[in-house]
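Note that the protein sequences, when read in sequence, are chains A and B.
Be aware that the first sequence starts at 488, since it is given in my numbering, and climbs by one per residue.
Be aware that the second sequence starts at 488, since it is given in my numbering, and climbs by one per residue.
Every residue, glycine too, gets a C-beta built ideally from N, C-alpha and C.
Fair warning: this is a prediction, and the values are worked out from it, not measured in the lab.
Worksheet: the structure to be examined is printed underneath.
2 protein chains.
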Amino acid sequence: MFKNILQDIVEQSGGGISSAVMGYDGIAIDQYEKPCEGIDLQLIAVEYANVLKEVKRTVEILETGDMEEVAIRTERFTVLIRALTDEYFVTLTLGRNGNFGKARYMLAKESFRLREALA
Amino acid sequence: MFKNILQDIVEQSGGGISSAVMGYDGIAIDQYEKPCEGIDLQLIAVEYANVLKEVKRTVEILETGDMEEVAIRTERFTVLIRALTDEYFVTLTLGRNGNFGKARYMLAKESFRLREALA
């Protein structure tokens with residue numbers, strides 16, 4: 488049920504490589520990826536879950552309202568992360584020349600469908 | 488020397504509230520902020536330094552190239568963070584209705600001046 492939505496996110500985002508719905512424990516519920524050499528999606532999942540946990544903790548301490556979105560840009564990729572519920576979030580990995588604005592829009596838009604699927 | 492650049496970043500970013508150059512130890516070299524109630528900039532600095540350390544560690548494990556930029560959006564603020572050197576980074580906090588695209592552009596542009604000032 489998640490796969491179709493994740494595929495839409497990747498295919499329509501402009502430069503999307505992979506997308507996953509996962510828990511803060513680093514375990515993915517479902518994922519969709521384009522073939523891309525040299526990416527260990529499972530490792531990425533676990534590591535970004537750790538980052539997200541740290542961000543979530545920080546945001547709670549600072550009392551600046553719920554965490555909505557995190558973007559991490561490195562030399563090779565941009566990873567967009569959007570909180571879905573208290574337990575789950577969605578990630579979208581873009582290649583270096585991905586369309587950041589369009590990807591953010593797609594992720595925000597499809598979050599509603601993902602939340603419905605989670606409910 | 489940093490203050491003028493940080494002021495430029497805040498004033499010209501469109502919705503900017505505060506900006507700081509700080510180390511991964513959470514100690515700010517310099518900062519500039521508009522008066523804004525209910526923000527403890529020192530606490531924010533230390534907490535975001537912890538987040539950045541976690542992101543940096545993750546990016547190194549995943550070998551996806553150097554960390555360049557991190558954006559964290561919550562209900563009340565968006566915090567943009569850009570790596571300057573191995574030891575220092577710059578932050579820009581935007582209000583809820585800040586111009587994200589312009590802020591990213593300003594931070595990228597002024598990073599060069601900040602790196603020069605750090606050298």
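By the rule that beta-carbons nearer than 8 Å mark a contact, V508(A) does not touch chain B.
Linking I504(B) to R600(B) through their CA atoms gives a straight-line distance of about 20 Å.
Beyond the five residues adjoining it in sequence on each side, S598(B) comes within less than 7 Å, by CB distance, of R569, L571, V577 in the same chain, given in chain order. 8 Å or more divides the Cβ of A590(B) from the Cβ of G510(B). Inter-residue distance for I516(B) and V542(A) is about 23 Å (C-alpha atoms, whole angstroms). Under DSSP, the beta-bridge partners assigned to R560(A) are T565(A), E556(B). Contact with chain B is found for M554(A), since one of that chain's Cβ atoms lies less than 8 Å from the residue's Cβ. Distances from the CA of Y535(B) to each of Y519(B), A604(B), M488(B), A558(B) were compared; the closest alpha carbon is that of A558(B).
Here L605(B) has L571, T572, Y575 as same chain residues with Cβ atoms under 7 Å from its own Cβ, once five neighbours each way along the sequence are excluded. Excluding sequence positions up to five before and after I548(B), its CB lies less than 8 Å from no other CB in the same chain. Taking 8 Å as the threshold, the shortest C-beta distance from Y592(B) to chain A does not fall below it. Not flagged as an interface residue toward chain B: N586(A), since no C-beta distance is shorter than 8 Å.
For the set L579(B), K596(B), P522(B), the Cα lying nearest the Cα of T565(B) is the one of L579(B). Contact note: L549(B) reaches chain A through L530, I531, E534, using a C-beta cutoff of 7 Å and chain order.
For Q518(B), the beta-bridge partners assigned by DSSP are A507(B). Residues of the same chain with a CB within less than 7 Å of the CB of A532(A), apart from the 5 flanking positions on each side, are A507, M509, G513, A515 in chain order. Cβ atoms of T545(B) and V546(A) stay farther apart than 8 Å, at about 17 Å. In the three-state DSSP reduction, A570(A) falls in the strand class (E or B). Neighbours of V577(A) in chain B, taken as residues whose beta carbon is under 9 Å from its own, are absent, since the nearest beta carbon is some 14 Å off.
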